[in-house]
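Quick note, my numbering runs 10 ahead of the 1-based positions in the sequence shown.
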Amino acid sequence: MEPMDKVILQQREVPCNKVPQPPLQVAGEGDEGILKDYLHNSSFPVARYVLGSDLRHSLRLFWVAVGLCLVAVFSFTVTVCIERLKDPSNVFVGEAERPLPIWSIPFPALTLCPTKKQTCTGENIRLEQLCEKICWEDNCTQCAKLLDPVRTDRGLCYTFNAVAGNEIFNNVSITNVRHLSNVTRLTENWDFLRGLQLIHKVQVKEYPRAAQDISGRYRLRIFTLRELNESSCPTPSLDAYIHSPIDFPFKPNKPTPIPAEQGLVLLTVYPKLVRSQRYLRYFTSSATGCISQLQNPLKYFTIYTQANCEMECHTNFFLQMRRCVLDHMPRAPNTSLCNGTSKYFNVYNKNTNALLRAEKIPRSHFFRWKCNCLPACVEFRYSAEVSQDLVSPSNDSEPTSTQLVVEFAEDHFYPLVRVVRYGWIDFLANFGGLIALFLGVSIVSLLEVFFFCLVKPAVVR
């Protein structure tokens, strides 16, 4: 055998000593590997300094103290932001800079009711005993053609320019809609959800009625009567009050008395349309301080207003205490009607008065507070100034007539806009700025925790 062949055979016989390879380290394998992987790639500096092993213990304790101080300051500032978010004055209602024409808001509803103190008792007063004639758009007609009977806590009253009871009340929940309101004319060319007219033309029919200008043509005139009847019982004195056409006149608020003397009573009306910014529809009522028609929480009404909410709250509270309701209250199918003695029951008993005193709430705002009756996000408000020019009759036995005139003061008005000074978007922006300022954390930092702790280990395995 040649020497070269021996060398080759010796080389083949020499065993090959393989060097053992270390096992492949998979990033993120095990809790310790996941933590190291996260700290190596994290953009959260405090976590790297405190949990990492690159610094000495004394330096790590320093960053622990710094982190605790920053968390404390951050928590305090966030608490201040939360309190600012809950502040009741956070909702601001301001006057718009641009005026609107008077025809862009409905003419107010007017309700005539007998006064509370009557010298004679008996059946409800008929309309022809109270009203001689009524005039609108320079056309005078019988009062029954423009005034509709409604039932209130004063008894039978008569209203002008109100929305039909079938539109205000929920016909599914209550059974006495026709008993409460005989108004039958439906809404035309008005969108109460947004508080505006659908078509801006004079020729288009609309209801509730609107005044196109402040001329005498668009003023309401009612000639009331006061005379002795056969039983020597005088026609009762009247109270007149204006309200929104979509408010049911359950209880007259700040009524204007119509005196018995012959003369003129003038109500000069100042309207206000309150709207809310569109983005507020995405917020809860507790944040906006108002309730929209889409959030209507009422059971007896299909149209939400603060007055309608108070009426439902009053009815439910009375039902809870007496197990029945009065004839001027909405009545559910299984609800009993109270007898005559319950009419004089006062819901403001000792417990209620004690609660009002403890909570420092006026009696007139009790039901508003009890049922959280917030204003509607779109609402119509009307206020009036009263002026009188009266002449005493020469003979008390002769019938007297008082003319009640209702008209707008100006041909324009400035709407009100509801704005939230500090909302959830502002809170989120401040929260993100504060957590980035004090802790150096962003949404990306939170996503890194999710990625390195859950996503990456699951994909690698």
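Built from N, CA and C at the ideal position, the CB exists for glycine as well.
Item	Value
Assign Pro-467 to one of three DSSP states: helix, strand, or coil.	helix
How many Å lie between Arg-70 and Asp-436 at the Cα?	35 Å
Restricting to runs no shorter than 4 residues, where is the alpha helix (DSSP H) found entirely within the region 139–223?	175–178 and 187–190
For Gln-398, list the residues DSSP reports as bridge partners.	Val-275
Given a cut-off of 8 Å on the beta-carbon distance, is the pair Phe-102 and Arg-367 in contact?	no
Note down, in chain order, each residue of its chain lying with its Cβ closer than 8 Å to the Cβ of Gly-38, except the 5 sequence neighbours on either side.	Model confidence at Gly-38 stands at a pLDDT of 42, short of 50, so the residue's coordinates are unreliable; what they give is reported in the following sentence. Ile-44, Asp-47, Phe-462, Lys-466, Pro-467 and Val-470, listed in sequence order.
Check Ser-296 in the structure and name its three-state DSSP category.	helix
Do Ala-220 and Asp-257 have their C-beta atoms closer together than 8 Å?	no
Exposed or buried, what is Val-454 when buried is set at 16 or more other beta-carbons lying within 10 Å of its beta-carbon?	exposed
Following the continuous alpha helix (DSSP H) through Cys-123, name the residue where it begins and the one where it ends.	Unbroken run through Cys-123 is the beta strand (DSSP E), 119–124; no alpha helix (DSSP H).
What do you reckon, are the CB atoms on Ser-183 and Lys-309 nearer than 8 Å?	yes
Please report whether the beta-carbon of Asp-421 lies at a distance below 8 Å from any beta-carbon of chain B.	Of the protein chains in this structure there is only one, and it is not chain B.
Buried or exposed: where does Thr-194 fall if 16 or more other Cβ atoms within 10 Å of its Cβ makes it buried?	exposed
Go to Leu-248, then tell me how far its beta strand (DSSP E) extends in each direction, as first and last residue.	248–253
DSSP state of Leu-95, grouped into three classes?	helix
How is the alpha helix (DSSP H) around Arg-136 delimited, first residue to last?	Segment: none, Arg-136 is in no alpha helix (DSSP H) and carries neither H nor E.
I think Pro-124 touches Phe-423, with their Cβ atoms under 8 Å apart; what is that distance to the nearest whole Å?	In fact, because the Cβ distance is near 32 Å, the residues do not count as touching under 8 Å.
Measuring CA to CA, which of Tyr-392, Pro-372 and Val-76 is closest to Val-416?	Tyr-392
If you count every other CB in all the chains shown that lies within 10 Å of the CB of Met-331, and 16 or more means buried, which is it?	exposed
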